[in-house]
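Residue 438 is where the sequence shown starts when you use my numbering, and the numbers rise one by one after that. What follows is a short report on a single structure.
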Amino acid sequence: MIKNFIFYAIVFLPGSNTFDWDNEEIGTPGAFLIRNNHHSEFYLKSLTLEDVPSHGVIHFPCNSWVYPASKYQNDRVFFSNKNLRGDGKGQLQEWDRVYDYEVYNDLGNPDKGPQHARPVLGGSTEYPYPRRGRTGRAPAKSDPKYESRLNLALSLNIYVPRDERFGHLKLADFLSYALKSIVQVLKPEFESIFDKTPNEFDSFEDVLKLYEGGLEVPEGVVKVIRDNVPLEMLKEIFRTDGERFLKFPLPQVIAVDKFAWRTDEEFAREMLAGINPVMIRSLEEFPPASKLDPKVYGDQTSTITKEHIESNLEGHTINEVIIERKLFILDHHDALMPYLRRINSTSTKTYASRTLLFLQKNGTLKPLAIELSLPHPEGDQHGAISKVFVPEEKGVENSLWQLAKGYVGVVDSGYHQLISHWLHTHAVIEPFIIATNRQLSVLHPIYKLLHPHYRDTMNINALGRQILINAGGALEVTVFTSKYSMEFSSMLYKDWVFPEQALPQDLLKRGVAVKDSSCPHGLKLLIEDYPFAVDGLEIWFAIKTWVQDYCSVYYKDDESIKKDAELQSWWKELREKGHGDKKEEIWWPKMQTREELIETCTIIIWIASALHAAINFGQYPYGGYPPNRPAISSKLVPEKGTPEYDELLANPDKTYLKTFTSQFKAVLGISLVEILSRHSSDEVYLGQRDTENWTSDAEALEAFAKFGKKIEDIEEGMKRMNNDEKLRNRYGPVKMPYTLLYPSSEGGLTGRGIPNSVSI
438 MIKNFIFYAI VFLPGSNTFD WDNEEIGTPG AFLIRNNHHS EFYLKSLTLE DVPSHGVIHF
498 PCNSWVYPAS KYQNDRVFFS NKNLRGDGKG QLQEWDRVYD YEVYNDLGNP DKGPQHARPV
558 LGGSTEYPYP RRGRTGRAPA KSDPKYESRL NLALSLNIYV PRDERFGHLK LADFLSYALK
618 SIVQVLKPEF ESIFDKTPNE FDSFEDVLKL YEGGLEVPEG VVKVIRDNVP LEMLKEIFRT
678 DGERFLKFPL PQVIAVDKFA WRTDEEFARE MLAGINPVMI RSLEEFPPAS KLDPKVYGDQ
738 TSTITKEHIE SNLEGHTINE VIIERKLFIL DHHDALMPYL RRINSTSTKT YASRTLLFLQ
798 KNGTLKPLAI ELSLPHPEGD QHGAISKVFV PEEKGVENSL WQLAKGYVGV VDSGYHQLIS
858 HWLHTHAVIE PFIIATNRQL SVLHPIYKLL HPHYRDTMNI NALGRQILIN AGGALEVTVF
918 TSKYSMEFSS MLYKDWVFPE QALPQDLLKR GVAVKDSSCP HGLKLLIEDY PFAVDGLEIW
978 FAIKTWVQDY CSVYYKDDES IKKDAELQSW WKELREKGHG DKKEEIWWPK MQTREELIET
1038 CTIIIWIASA LHAAINFGQY PYGGYPPNRP AISSKLVPEK GTPEYDELLA NPDKTYLKTF
1098 TSQFKAVLGI SLVEILSRHS SDEVYLGQRD TENWTSDAEA LEAFAKFGKK IEDIEEGMKR
1158 MNNDEKLRNR YGPVKMPYTL LYPSSEGGLT GRGIPNSVSI
């Protein structure tokens, strides 16, 4: 055993020891045991054996916490993952390293009453969902199908495998306590600050005070806040400055021009370069049709007519612009309509929406019409009740048009947060993390390839279940779907298709690109100046080339894929357990060829890195100013002859703010997106590794160095495009360059940077 050859020493710092090795008698070391006889845990970064006969250097990148021996039945062993699977029983403790699956049965808290119950997501055809990491907490007392919840004071103690927990530089304490304090402690104090209309901003100037000078807080309120909020929160979230407590950094969207966000050009541009640039699609039939079952929902065909839009088509007819692929749609109708009646029974009052846009000669999009729809008051089977709004520059028609754009923003903002962001990045990637750690040894080449792209994800997801997406959590307070938020995301998971998460396939499916062998990467973008797609394709194909080069080192032909037992077990478990509600889908890759392996790994890395970065880190730059990205609407469009309509005539700005921007929810929403938009100081970005000796294979290291250089070159190309004034969609009326897919960044609120993983 290796213990006969190691010199024992009490060392907590990097060091080296010398021992003799008889290669013929002992063989080549493939694993080692370690026992911690101290009273506290330590972090084992790596073990390197030098001058091993016939092998030279053998490096073991451990990157794992080792707890005292009393916490384990056996010594820790590297690198076998046998002990990572657990037995599926009992509550897991901090020192456990078990990776196992569970449904989302911990979002509700039925022990607090039926209003705190939420559906179990996953494990049923009604509510399918990806699996999460198991914690093993006891069942709820009132309903055993639910898992009991931790109280908020213990939020940071929610179980994730120790090696998945945040490093010491990560602001886990801030994430937990800041949101807890805002939701539970500060609501009455915030409302007391605004003495005129406690739930509303009175003007846009009121909103701007949150950034320009802060809002003066009375001494009594300051005392309550100081008594209830940890110091870390005071420093990080509210930027304390004497009595001026509520102050936030100026969002980029209003940094140059305070009102350019209200222009139609900017409204449309953000569908291409904002925080949800993955929704716009080509309109191939007019009027837009619905895929909802007419037996259940009646006629849901759009009521937009050619009379609404043909005057703004630069002299073309509707048929001509459809044939020329110049008509586009942002469609939030079918996804929302089945839930809208329930959503509007809460404090939310909003619409399903369709927005039509025209691609102009100058390369920008022009909004043509917005349709806002409600369920028929006599029942779903009677179809929808719809209103159509068109652009107007003056008068009450302009005020109504601005309101219509606001409702589109509300629905798009909620879809972004719940589907594009949470479901399509955070939730879908967690099963891959669990399966990888359960089925691939840390020496396996695919483990080494994917491991950097899993960093911190399970921890941030666990905290999210505890304080963000849970019943009554911050997301339910700040998103229009309210208590139906996670249930709504489950309905949209039914439409999730793994191969379509590849960026080229996504663009083709949405009809915003066509195959063209004469174009770079074999794709022609129908909107040439589409910043997310242009930059994203460069990143996508750089990742794919890196994955192809790396996999070619270890897999020389398709047969080597089929014979890799670990790889096959990994893929089988991922499909059958991790995404078990979709295990029967025929679209899953069979994992029988190198191309299937390369495409699969590229999709995983793309989701975890660039897609999440594009969706996440612009939340504060764009959404930190709530009028630009309203998340909740509390009133419907005013009807003629009502006091609300008269107020719209007299003070349209106040009507807009009363409809979309309540004070408490705005401050909470700003706080939330500021947290989510920040990079930690220990972040590792695409093209980087946190250790140089992650592999001893020279070919793999050379391929990774080439990848890192390619990523740097791509960023320089993005900077050049952002300086090209002909590319108007890259900066827009707000004069805000598209930097969300710049790979590099510093820590903090930067609006750029692609971390390797879904780390926040």
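Glycine included, C-beta positions come from ideal geometry on N, C-alpha and C.
**Request:** Check whether the Cβ atoms of residue 935 and residue 1040 sit closer than 8 Å, and answer yes or no.
**Result:** Between residue 935 and residue 1040, the CB-CB gap stays under 8 Å.
**Request:** Pull up the distance between the alpha-carbon of residue 563 and that of residue 569, whole angstroms please.
**Result:** Cα to Cα, residue 563 sits roughly 18 Å from residue 569.
**Message:** Give me, in chain order, the residues of the same chain whose beta-carbon lies closer than 7 Å to that of residue 841; leave out the 5 immediate sequence neighbours on both sides.
**Reply:** 807, 809, 826
**Asked** Does the region 1176–1195 come close enough to the region 727–746 to have 3 or more Cβ pairs within less than 8 Å?
**Response** Two segments are said to touch when three or more pairs of C-beta atoms, one from each, lie closer than 8 Å; by this definition the region 1176–1195 does not touch the region 727–746.
**Prompt:** What residue ranges within the region 732–816 form continuous beta strand (DSSP E) runs of no fewer than 3 residues, ordered along the chain?
**Reply:** Runs of the beta strand (DSSP E) inside the region 732–816: 764–769, 789–796, 802–812.
**Asked** Got a sec? Which residues, its chain only, sit under 6 Å from residue 1094 by beta carbon, not counting five neighbours each side?
**Response** 638
**Item:** Alpha-carbon to alpha-carbon, residue 950 and residue 962
**Value:** 4 Å
**Integer-rounded CB distance, given that residue 822 should sit under 8 Å from residue 805** = Contact doesn't hold; Cβ gap of about 21 Å is too wide.
**Message:** Buried or exposed, going by whether 16 or more other CB atoms sit within 10 Å of the CB of residue 633?
**Reply:** Low local confidence applies: a pLDDT of 46 at residue 633 is under 50, so the model's placement there is unreliable, and no value is given.
**Message:** To the nearest angstrom, how far is the alpha carbon of residue 850 from that of residue 1025?
**Reply:** 30 Å
**Asked** Under the rule that 16 or more other beta-carbon atoms within 10 Å means buried, what is residue 619, buried or exposed?
**Response** Caution applies to residue 619, whose pLDDT of 49 falls short of 50 and renders its modelled position unreliable; the model cannot decide the point.
**Item:** Start and end residues, alpha helix (DSSP H) containing residue 963
**Value:** Here residue 963 belongs to no alpha helix (DSSP H), and DSSP marks it neither H nor E.
**Item:** Check whether residue 1107 and residue 1061 have beta carbons under 8 Å apart
**Value:** Between residue 1107 and residue 1061, the gap from beta carbon to beta carbon is short of 8 Å.
**Message:** Let's see if you can read the secondary structure: which residues bound the alpha helix (DSSP H) around residue 922?
**Reply:** 922–930
**Asked** What residue ranges within the region 1046–1111 form continuous beta strand (DSSP E) runs of no fewer than 3 residues, ordered along the chain?
**Response** none
**Request:** Could you tell me if residue 786 is buried or exposed, where buried requires 16 or more neighbouring beta carbons within 10 angstroms of its beta carbon?
**Result:** So residue 786 counts as buried.
**Request:** Could you tell me which of 470, 833, 860 sits nearest to residue 925, measuring between CA atoms?
**Result:** 860
**Prompt:** Under a Cβ-count criterion, where at least 16 other Cβ atoms within 10 Å of its own Cβ denotes burial, should residue 731 be classed as buried or exposed?
**Reply:** exposed
**Range covered by the beta strand (DSSP E) that runs through residue 824** = 821–826
**Asked** Just to confirm, are residue 572 and residue 596 a CB contact at a threshold of 8 Å?
**Response** yes
**Message:** Tell me which residue opens and which closes the beta strand (DSSP E) that residue 470 is part of.
**Reply:** Per DSSP, residue 470 belongs to the beta strand (DSSP E) from 469–471.
**Asked** Could one say the Cβ of residue 749 lies closer than 8 Å to chain C's Cβ atoms, at least one of them?
**Response** Chain labels in this structure do not include chain C; a single protein chain is all it has.
**Asked** Got a sec? Which residues, its chain only, sit under 6 Å from residue 777 by beta carbon, not counting five neighbours each side?
**Response** 789, 812
**Asked** So what does DSSP say about residue 893, is it helix, strand or coil?
**Response** coil
**Message:** Excluding the 5 residues flanking residue 750 on each side, which residues of the same chain have their C-beta closer than 7 Å to its C-beta?
**Reply:** 758, 795
**Supposed close pair residue 1018, residue 566 - CB separation, criterion 8 Å** = 7 Å
**Message:** Can you list, in chain order, the residues of its chain with a C-beta nearer than 6 Å to that of residue 824? Leave out the 5 residues immediately preceding and following it.
**Reply:** Hits under 6 Å: 809.
**Request:** Note down, one range per segment and in chain order, each beta strand (DSSP E) of at least 3 residues found wholly within the region 954–1002.
**Result:** 960–962
**Asked** Which residues mark the beginning and the end of the beta strand (DSSP E) in which residue 571 is found?
**Response** First-last for residue 571: undefined, no H or E at that position.
**Item:** Per-residue DSSP class, three states only, for residue 646
**Value:** In the structure shown, residue 646 falls within a helical segment according to DSSP collapsed to helix, strand and coil.
**Request:** Tell me where the beta strand (DSSP E) around residue 950 begins and ends.
**Result:** 950–952
**Asked** Around the C-beta of residue 902, are 16 or more other C-beta atoms found within 10 angstroms, so that it is buried, or is it exposed?
**Response** buried
**Request:** Could you tell me how far apart the beta carbons of residue 1165 and residue 968 are, in whole angstroms, since I believe they sit closer than 8 Å?
**Result:** 10 Å between Cβ atoms; not a contact.
**Item:** Nearest-angstrom Cα separation, counted from residue 1156 out to residue 1124
**Value:** 18 Å
**Asked** Nearest to residue 876 by alpha carbon, out of 1109, 523, 585?
**Response** 523
**Message:** Suppose you measure from the CA of residue 1183 to the CA of residue 831; what does that come to, to the nearest Å?
**Reply:** Whole-angstrom Cα-Cα distance: 44 Å.
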